[in-house]
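Participant:
Residue numbers (this note's numbering), protein chains in the order written: chain A, 16 to 450; chain B, 16 to 450.
1. Output the boundary residues of the alpha helix (DSSP H) element that contains residue 40 of chain B.
2. Which one of A:303, A:439, A:80, A:90 has the shortest CA to CA distance from residue 202 of chain A?
3. Using the C-alpha atoms, what's the distance from residue 26 of chain A back to residue 57 of chain A?
4. If you check the beta carbons only, do residue 297 of chain B and residue 247 of chain B fall under 8 Å apart?
5. What is the residue span of the alpha helix (DSSP H) that residue 334 of chain B lies within?
6. Is the Cβ-Cβ distance between residue 506 of chain A and residue 182 of chain A less than 8 Å?
7. Quick test of the definition: if touching needs 3 or more C-beta pairs under 8 Å, does the region 29-42 of chain B touch the region 325-332 of chain B?
8. Hey, would you say residue 119 of chain A sits closer than 8 Å to residue 97 of chain A, going by beta carbons?
9. Measure from the C-beta of residue 168 of chain B to each C-beta in chain A and report whether the shortest distance is under 8 Å.
10. Apply the 10 Å Cβ neighbour rule to residue 233 of chain A and answer buried if 16 or more other Cβ atoms are within range, or exposed otherwise.
11. Are the region 304-315 of chain A and the region 164-179 of chain A touching, with three or more C-beta to C-beta distances below 8 Å?
12. Taking the alpha-carbon positions, what's the residue 123 of chain A to residue 160 of chain A distance?
13. With 8 Å as the threshold, decide whether the Cβ of residue 182 of chain A is near any Cβ in chain B.
14. Please tell me whether residue 38 of chain A has its Cβ less than 8 Å away from any Cβ of chain B.
15. With a cut-off of 8 Å on the beta carbons, I'd call residue 223 of chain A and residue 125 of chain A a contact; round off their distance for me.
16. If you drop the 5 nearest sequence neighbours on each side, which residues of the same chain put their C-beta closer than 6 Å to that of residue 323 of chain B?
17. So, helix, strand or coil for residue 417 of chain A, using DSSP?
18. Quick one: list the residues of chain B neighbouring residue 342 of chain A, beta-carbon separation under 8 Å, in chain order.
19. So with CB distances below 8 Å, who are the chain A contacts of residue 334 of chain B?
20. Taking 7 Å as the limit between beta carbons, can you name the residues of its chain near residue 79 of chain A, skipping five residues before and five after?
21. Run through chain B and tell me which residues come within less than 8 Å of residue 264 of chain A, C-beta to C-beta.
22. Pull up the distance between the alpha-carbon of residue 415 of chain B and that of residue 383 of chain B, whole angstroms please.
23. How should residue 343 of chain B be labelled, buried or exposed, when 16 other C-beta atoms within 10 angstroms of its C-beta is the threshold for buried?
24. Can you tell me which of the three DSSP states residue 22 of chain A falls into?
25. Let's test the definition: count the other Cβ atoms within 10 Å of the Cβ of residue 249 of chain A and tell me whether it reaches 16, buried, or not, exposed.
26. Within 8 Å (strictly less), CB to CB, does residue 175 of chain B reach chain A?
27. Tell me which same chain residues have a C-beta within less than 6 Å of the C-beta of residue 365 of chain A, skipping the five on either side of it?
28. Can residue 208 of chain B and residue 215 of chain B be called in contact, C-beta distance under 8 Å?
29. With 16 as the cutoff for other CB atoms within 10 Å, does residue 90 of chain B come out buried or exposed?
30. For residue 464 of chain B, go through chain A and note every residue whose CB falls closer than 7 Å to its CB, in chain order.
31. Go ahead and pull the three-state DSSP assignment for residue 12 of chain B.
32. Classify residue 163 of chain A as buried or exposed, calling it buried when 16 or more other Cβ atoms lie within 10 Å of its own Cβ.
33. Less than 8 Å between CB atoms is the rule here; does residue 29 of chain B satisfy it with respect to chain A?
34. If I'm right that residue 354 of chain B touches residue 53 of chain A with Cβ under 8 Å, what's the distance once you round it to whole angstroms?
35. Check the Cβ-Cβ distances between residue 50 of chain A and every residue of chain B, and say whether any is below 8 Å.
36. For the alpha helix (DSSP H) that contains residue 287 of chain A, what are its first and last residues?
What follows is the structure, given as structure tokens:
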């Protein structure tokens, strides 16, 4: 391809050069001609900020710098790509870049979920572009569809598998019957889980993504602290087996809902494991894949599926944003701003309609079932099915409830735990509708 | 919500007010406050052009006009939404609008697939926005992901169920064993097929969508005439049953591929029914739903799923485009232009690697199988499985081939049809890989 003459180039600064950053560098190099043609000007890497330059022998040494602050402030850099992660100094660096009008592309879900409004405000003040497709569900185009394609519709619900590590672990437990610890060890060995898996297995990562999705879908500021969060470390092989008995598999879901109840219109954002009927399309999403269901009033039910993490897929999302921001730089346009006009109140987890699956060891004697049933009734919780397993001292009672509010169910479980006839509450897990 | 003061309004003209147009009007009215907040200015319908105003008692009479040319030319109209369909006068009207710099949102796949470059050129010359999310797969965000989210990646393949009518018919045949005629009659009765179903069942609609997708994915002008097209009217209940016997269902797929063979890099765009293994994710997409698989080098495999047609879903896609175009009007930006720099040559259908499923009635006597096998071998086509059903005069031979080029397979089938030992070639259908 012969290069046409260009008035200018788009100069890119990269903050961080790990798994994602190195893939971005590779794609920018290998597809240089194509990116140039798509943007309408050459896109060149001007600087790469890292902590220890000697760790990056594959990168042109003249590009490497340890001075990330200087990179963010450099007026000759048109677009700053942030793939370093963490809250600080990423926040400060991106504010510097946005304040001077530089375009910003970031994959940093934790930063957006904690400090999104501050970043948006800086972008607004200077007219800068702020894009973050890679922050949720890796390569799956999800941010753009939600904040642009569905901008003329009213989103009612988003429900998704947005963390590959936990989905890998839960899929493995479901397929093999392995314990949580064994499945986690295998995920770590294969590189699906980090050495410290807390952010993934305790749901922090998914909660950040839920905050970002809820903010965009409901035009309301939702921070990670607004998201009710439960992880998967309490999911035992016994729970997986119990789910299987009622035709379910266990998935960690991020759920964002617009609800109308006695308190008017509110939104709910939560992350927790659920027993999901195997007939649900999300139930067959296995391994490290991500999938997100979006329901909108006019559009109906949409599903997006693909690799949710990994260097190359995440870099693909970063590159798509880079092309858009670079084009906007050339033609003077800009992407969508923060949209938080609706400012809907949050529904506390206690008000969320829920079905529970409860397994408990009980005394196997006359009257125990009546006591247990009365406990549910006292809290206004209706029972769907009861099943007693084993006999004598080893009796186990498995109860699946109808839908009640979460606080009533939680109170029921608390009281059950205090009943002398109930030796032990083995497990409690929410059950999702088939739909 | 109290209305903030706005410097200006965005005035919209609607060409056509059928199933989609009336839903666009409804959404613009019902969600007026929300659309205003999202755009940053009120979006008002200024005019609705229809052929017979008395047919639209629900529309404010002061908006209705029969003069579509005046609407397209009206300098006070910022955005023209075209949901009238057909090539003319839609083409001429949109050129008028684009030439004067008005934004255009269209759902017209046939127009884009036939005259896309002409529309793009008019948009380029005046700096106008041209958006068409609703033209492919209804409400499923697909155009924006392909031309924006994946703009920094290299798409290798798109494979999709993009026509709801044919998918409804094929799903019904697969589920019930019904004949094609019965399934079509039922689809017509339920409103899934039009009175004249030709555009759907003969693959014209899907071919237009394939042309649009291939153009965007491969940065190459692909018109509907470049797309190899076969419909489903020849798909019999016997073929569906034969597919089932090899673990497949029959789907009409639009396939766009980037291929590298002895002739260098080329692209293929085609629409035809295939026997698809039931393990393939697209195999379980039933009824009028659409789903599209996209494979990109860095992103990996993505799938998009949702309602592919219908007034409200299509209107959702139109509304998303309208919000984007209206925002661009306010801030002076513009959407992506045509990207056709790659200009890749087309791979003719004869060169496409294919597996065939062939069912034929043959004489049941010694030597026939040898003759048939020799015919395949003479054309360099390798046989994967052969199965003979029935005995005596009613013997049927079912052959599934390994992958060969389509022209060799077609030549084989031609010669089989002329062999005296072969009484009749019952059916010929391509078979897709499980992957």
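Ideal Cβ positions, reconstructed from N, Cα and C, are used throughout, including at glycine.
Nothing here was measured: the structure is a model prediction, and the numbers come from that model.
Facilitator: To lay it out plainly:
1. The count along the second chain starts at 1 and reaches residue 40 of chain B at position 25. Its alpha helix (DSSP H) spans residues 34-45.
2. Here residue 202 of chain A is taken as the residue at index 187 of the first chain, counted from 1. Here the closest residue by C-alpha is A:303.
3. Here residue 57 of chain A refers to the residue found at position 42 of the first chain. Here residue 26 of chain A refers to the residue found at position 11 of the first chain. Each residue's Cα considered, the two are about 8 Å apart.
4. Start at 1 with the first residue of the second chain, and residue 297 of chain B comes out as number 282. Start at 1 with the first residue of the second chain, and residue 247 of chain B comes out as number 232. Not a contact, by the Cβ cut-off of 8 Å.
5. For the purposes of this step, residue 334 of chain B is identified with residue 319 of the second chain, where counting begins at 1. From DSSP, the alpha helix (DSSP H) with residue 334 of chain B extends over 326-346.
6. Outside the displayed range of chain A (16 to 450) lies residue 506 of chain A, so it cannot be described from this structure.
7. yes
8. For this step, residue 119 of chain A is matched to residue 104 along the first chain. For this step, residue 97 of chain A is matched to residue 82 along the first chain. Yes, Cβ-Cβ distance for residue 119 of chain A and residue 97 of chain A is below 8 Å.
9. By 1-based counting over the second chain, the position of residue 168 of chain B is 153. Chain A contact via Cβ: present.
10. Counted from its first residue, the first chain places residue 233 of chain A at position 218. Burial call: buried.
11. Flag = yes, the region 304-315 of chain A and the region 164-179 of chain A touch.
12. The sequence position of residue 123 of chain A within the first chain is 108, counting from 1. The sequence position of residue 160 of chain A within the first chain is 145, counting from 1. Going by the C-alpha atoms only, they are around 19 Å apart.
13. Here residue 182 of chain A corresponds to residue number 167 of the first chain, with the count starting at 1. Not one chain B Cβ lies under 8 Å of residue 182 of chain A.
14. Here residue 38 of chain A corresponds to residue number 23 of the first chain, with the count starting at 1. Chain B, which has a Cβ nearer than 8 Å to the Cβ of residue 38 of chain A, makes this yes.
15. Counting from 1 along the first chain, the entry for residue 223 of chain A is found at position 208. Counting from 1 along the first chain, the entry for residue 125 of chain A is found at position 110. Between residue 125 of chain A and residue 223 of chain A the Cβ distance is about 5 Å, and since that is below 8 Å, they are a contact.
16. In the second chain, the residue the question calls residue 323 of chain B occupies position 308. The residues are 152, 153, 179, 305.
17. For this step, residue 417 of chain A is matched to residue 402 along the first chain. Three-state result, residue 417 of chain A: coil.
18. Counting from one through the first chain, the residue named residue 342 of chain A turns up at place 327. Neighbours of residue 342 of chain A in chain B, taken as residues at a C-beta separation under 8 Å, are given in chain order as 351.
19. Taking the first residue of the second chain as 1, we reach residue 334 of chain B at position 319. Chain A residues near residue 334 of chain B: 166, 167, 168, 313.
20. The count along the first chain starts at 1 and reaches residue 79 of chain A at position 64. Only 63, 65, 68, 71 meet the Cβ criterion.
21. As a first step, residue 264 of chain A is located in the first chain; it is residue number 249 there, counting from the start. Near residue 264 of chain A there are no residues of chain B at all, since even the closest Cβ is about 17 Å away, more than 8 Å.
22. As a position in the second chain, residue 415 of chain B is number 400, starting the count at 1. As a position in the second chain, residue 383 of chain B is number 368, starting the count at 1. Distance between the alpha carbons of residue 415 of chain B and residue 383 of chain B is about 17 Å.
23. As a first step, residue 343 of chain B is located in the second chain; it is residue number 328 there, counting from the start. Residue 343 of chain B is buried by the Cβ-count criterion.
24. Numbered from 1 along the first chain, position 7 holds the residue referred to as residue 22 of chain A. Here residue 22 of chain A sits in coil by DSSP.
25. Within the first chain, numbered from 1, the residue matching residue 249 of chain A stands at position 234. It is exposed - the Cβ of residue 249 of chain A has fewer than 16 other Cβ atoms within 10 Å.
26. Here residue 175 of chain B is taken as the residue at index 160 of the second chain, counted from 1. Answer no: the Cβ-Cβ gap between residue 175 of chain B and chain A never drops below 8 Å.
27. What you label residue 365 of chain A is simply residue 350 of the first chain in a count that begins at 1. Answer for residue 365 of chain A: 421, 422, listed in chain order.
28. One-based indexing of the second chain puts residue 208 of chain B at position 193. One-based indexing of the second chain puts residue 215 of chain B at position 200. For residue 208 of chain B and residue 215 of chain B, yes; Cβs fall inside 8 Å.
29. For this step, residue 90 of chain B is matched to residue 75 along the second chain. Residue 90 of chain B is exposed by the Cβ-count criterion.
30. Any property of residue 464 of chain B remains undetermined from this structure, which presents chain B solely from 16 to 450.
31. An answer regarding residue 12 of chain B cannot be provided, because it is not within the stretch 16 to 450 covered by chain B.
32. By 1-based counting over the first chain, the position of residue 163 of chain A is 148. Under this definition residue 163 of chain A is a buried residue.
33. Here the question's residue 29 of chain B lines up with position 14 in the second chain. No, residue 29 of chain B does not count as interfacial toward chain A.
34. For the purposes of this step, residue 354 of chain B is identified with residue 339 of the second chain, where counting begins at 1. For the purposes of this step, residue 53 of chain A is identified with residue 38 of the first chain, where counting begins at 1. With 8 Å as the limit, residue 354 of chain B and residue 53 of chain A qualify as a contact, their Cβ atoms being about 6 Å apart.
35. Taking the first chain and counting its residues from 1, the one referred to as residue 50 of chain A is at position 35. At least one chain B Cβ lies under 8 Å of residue 50 of chain A.
36. Taking the first chain and counting its residues from 1, the one referred to as residue 287 of chain A is at position 272. Residue 287 of chain A -> not in any alpha helix (DSSP H); beta strand (DSSP E) instead, spanning 279-292.
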